[in-house]
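In terms of the working numbering, the sequence shown opens at residue 5 and continues consecutively.
Note that CB positions come from ideal geometry on N, CA and C, so glycine has one too.
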Amino acid sequence: MTLLYTCQCGFEQHLKRELESVGHSVQESSDGWVLAQGSSASRAAAPELCFAHAALVDPVTICGQSAQQLAAAIVDHFMHSSRDHHFAVSWPVLFRAAAPDEGVAKRTRAVEGLFRERLAKTMSRVAKLATPPLWVLPETERGLFAVLTAPDAAHVGLHCRLFGQRRMKDDPQAPSRSYLKVEEAYGILGRSVTQGETVVDLGAAPGGWSYSAARRGGSVTAVDNGPLKDGAAGHPHIAHTREDAFTFRPSPGVRYDWLFCDMVEDPYRVLEIVGRWLHEGWCRSFVVNLKFGRTDPVALVELVRDRRRGIAGQCATVTVRHLYHDREEITVVGSAR
């Protein structure tokens with residue numbers, strides 16, 4: 005089974021190492037994508053990965069000198085491959101540019117528009133059922149998934165796994181861009197802070213994550229010796245506690261619904277904090293960022309997932325992702341056991 009994986013540009017080497025660690029053989033790679041041979045013939049076999057954004061199963065390469073030619077060829081491929089398939093319900097369509105090049109992104113938008121236009125003329129009933137996919141597809145789902153790796157080349161598959169990363173809309177009141185990371189992390193976890201839930205944000209300043217929880221109605225304890233800014237400063241749902249995040253402890257009998265932590269600290273030290281909070285039963289769910297910098301990120305991911313050495317053994321669920329809004333960091337979300 006051949007799989008085309010997409011990732012954030014510049015992190016292909018980390019993805020390749022992940023793939024090799026799960027038995028995949030890397031065939032080719034370039035900016036934003038890695039082509040690999042899978043270790044299973046099952047369509048649902050795209051493994052749980054951190055650095056992958058999407059995985060196309062057994063894609064075909066389609067070339068065209070113009071957007072019109074590419075769109076026409078993709079429609080022809082889709083019609084031929086779907087001749088025995090009955091479309092009774094909505095089905096997903098996704099076009100994505102693998103590389104950050106604006107020329108590829110512009111061509112991708114053009115090809116998608118032309119594809120939909122041409123499909124509506126040739127398969128109008130099927131075209132009306134086409135919808136954007138859910139951002140998280142835990143197993144491959146039949147649809148039309150196209151990744152443009154160059155202005156004249158697209159990899160097209162009928163099955164795909166999406167790992168949940170996506171670009172979020174900024175809020176002018178948010179104190180920092182880190183706000184986007186926690187907003188994106190909710191989608192990975194499958195839920196977010198709700199009205200009346202309690203949140204502790206360790207290392208909160210300037211308050212991006214605290215603001216995210218508070219605007220959803222959460223009651224936030226923001227722990228940091230530094231000041232909160234913009235929408236987090238003076239927010240009625242945020243209590244600013246000027247303490248060290250490493251030594252802060254809840255009051256006896258208090259258990260928070262959420263633990264937030266996004267500190268520029270050694271990731272192994274941050275994991276020790278999270279482990280302590282899980283062990284003591286001080287939180288129910290968590291969203292944590294680990295800055296890897298010079299630390300081996302693949303080894304860090306493996307440690308988090310290790311049920312004996314990492315925090316996974318204390319969790320009911322734990323998921324590790326390199327988000328769209330992450331840089332040299334990974335985001336860990338989950339719930340206590």
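Same chain, Cβ closer than 6 Å to residue i, neighbours up to 5 away in sequence not counted
i           : result
residue 261 : 201, 202, 288
residue 206 : 227, 249, 265
residue 218 : 224, 239, 241, 242
residue 53  : 22
residue 13  : 35, 36, 104
residue 167 : 56, 57
residue 191 : 139, 168
Residue i - DSSP class collapsed to helix/strand/coil
i           : result
residue 398 : Because the chain here runs from 5 to 341, residue 398 falls outside it and cannot be looked at.
residue 132 : helix
residue 272 : helix
residue 190 : helix
residue 185 : helix
residue 77  : helix
residue 9   : strand
residue 232 : coil
residue 89  : coil
residue 281 : helix
residue 97  : strand
residue 139 : coil
residue 57  : coil
residue 18  : helix
residue 36  : coil
residue 324 : strand
residue 126 : helix
residue 114 : helix
residue 303 : helix
residue 290 : strand
residue 209 : coil
residue 84  : helix
residue 106 : helix
residue 24  : helix
residue 308 : helix
residue 71  : helix
residue 216 : helix
residue 318 : helix
Between the CA atoms of residue j and residue i - distance to the nearest angstrom
i           : j           : result
residue 95  : residue 311 : 37 Å
residue 249 : residue 172 : 27 Å
residue 147 : residue 283 : 43 Å
residue 339 : residue 268 : 23 Å
residue 126 : residue 6   : 30 Å
residue 178 : residue 265 : 17 Å
residue 68  : residue 79  : 13 Å
residue 204 : residue 142 : 29 Å
residue 281 : residue 38  : 37 Å
residue 246 : residue 277 : 18 Å
residue 400 : residue 273 : Residue 400 cannot be examined here, being either before or after the span of the chain that is shown, 5 to 341.
residue 122 : residue 75  : 8 Å
residue 330 : residue 184 : 9 Å
residue 341 : residue 290 : 12 Å
residue 275 : residue 324 : 13 Å
residue 286 : residue 315 : 14 Å
residue 153 : residue 102 : 5 Å
residue 169 : residue 189 : 8 Å
residue 313 : residue 279 : 10 Å
residue 35  : residue 155 : 13 Å
residue 92  : residue 234 : 49 Å
residue 3   : residue 114 : In the structure as shown, the chain begins at 5 and stops at 341. Residue 3 is therefore absent and cannot be evaluated.
residue 336 : residue 196 : 14 Å
residue 59  : residue 8   : 6 Å
residue 321 : residue 237 : 33 Å
residue 116 : residue 86  : 18 Å
residue 149 : residue 300 : 32 Å
Residues of its chain near residue i, where Cβ-Cβ distance is below 7 Å and the 5 sequence neighbours each way are ignored
i           : result
residue 28  : 40, 41, 42, 43
residue 55  : 11, 15, 18, 19, 22, 326
residue 64  : 81, 160
residue 187 : 172, 216
residue 180 : 210, 212
residue 124 : 131
Integer Cβ distance of residue i from residue j, believed to fall under 8 Å
i           : j           : result
residue 213 : residue 182 : 6 Å
residue 307 : residue 296 : With 8 Å as the limit, residue 307 and residue 296 do not qualify as a contact, their Cβ atoms being about 11 Å apart.
residue 151 : residue 111 : Not quite, the Cβ-Cβ distance comes to about 12 Å (not below 8 Å), so this is no contact.
residue 120 : residue 109 : Not quite, the Cβ-Cβ distance comes to about 17 Å (not below 8 Å), so this is no contact.
residue 71  : residue 118 : 6 Å
residue 4   : residue 211 : No answer is possible for residue 4: the residues shown for the chain start at 5 and end at 341.
residue 302 : residue 33  : At roughly 15 Å, the Cβ-Cβ gap does not stay under 8 Å, so residue 302 and residue 33 are not in contact.
residue 50  : residue 66  : Not a contact, Cβ separation roughly 21 Å.
Other residues of its chain near residue i: CB distance less than 8 Å, five sequence neighbours each side excluded
i           : result
residue 319 : 282, 338, 339, 340, 341
residue 31  : 6, 39, 40, 41
residue 89  : 146
residue 230 : 209, 210
query = At a cut of 8 Å, does the region 242 to 251 reach the region 221 to 228 through at least three beta carbon pairs?
reply = Yes, since at least three Cβ pairs between the region 242 to 251 and the region 221 to 228 fall closer than 8 Å, the two stretches touch.
ask   = Counting Cβ pairs, one atom from each stretch, are 3 or more of them under 8 Å apart for the region 14 to 23 and the region 128 to 139?
value = Because the criterion of three Cβ pairs below 8 Å is not met, the region 14 to 23 and the region 128 to 139 do not touch.
ask   = Can you find at least 3 beta carbon pairs, one from the region 72 to 91 and one from the region 152 to 162, that sit closer than 8 Å?
value = Touching, yes.
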